[in-house]
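Colleague: First, the structure itself, so that you have it in front of you.
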Amino acid sequence: MTPDQLTTAIHALGLRAEGFARAAGVSGRTVRHWQNGDRPIPGLLVSLIDLLLGCEPAARLFVRRDAKRRLNR
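The sequence shown: position 25 = 25 (this note's numbering), numbered continuously.
Take a look at the structure:
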């Protein structure tokens, strides 16, 4: 996955970079490093994104709710 593909995937999941960072359990700085191509995107994360993007819309809604819940912590 390229940095541009990561950014597109984050938006396709209905998240912003900051919300994605919280949902993924990493810092916003780490996500920015991935998006800028400064650090490689972990393979497990790529697999998880691929799985989420390929899942049924109802399952994606669950992911969005979970990400929003983490934002409110």
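The beta carbon of each residue, even a glycine, is placed where N, CA and C say it ideally should be.
1) Quick check on the DSSP output: the alpha helix (DSSP H) that includes residue 50 runs from which residue to which?
2) Which residue marks the beginning of the alpha helix (DSSP H) containing residue 4, and which one marks its end?
3) Which of helix, strand or coil does DSSP assign to residue 26?
4) Rounding to the nearest angstrom, what Cα-Cα distance links residue 13 and residue 23 in this structure?
5) What is the DSSP secondary structure of residue 37, counted as helix, strand or coil?
Modeller: Let me lay it out:
1) Counting from 1 along the sequence shown, the entry for residue 50 is found at position 50. Looking at the DSSP string, the run of the alpha helix (DSSP H) that includes residue 50 is 43-54.
2) Here residue 4 is taken as the residue at index 4 of the sequence shown, counted from 1. It spans 3-12 - the alpha helix (DSSP H) in which residue 4 sits, taken as one unbroken run.
3) If you number the sequence shown from 1, residue 26 lands on position 26. DSSP places residue 26 in coil when its eight states are reduced to three.
4) In the sequence shown, residue 13 corresponds to position 13, counting from 1. In the sequence shown, residue 23 corresponds to position 23, counting from 1. For residue 13 and residue 23, the distance between alpha carbons rounds to 11 Å.
5) To locate residue 37, count along the sequence shown from 1; it is residue 37. It is coil, neither helix nor strand.
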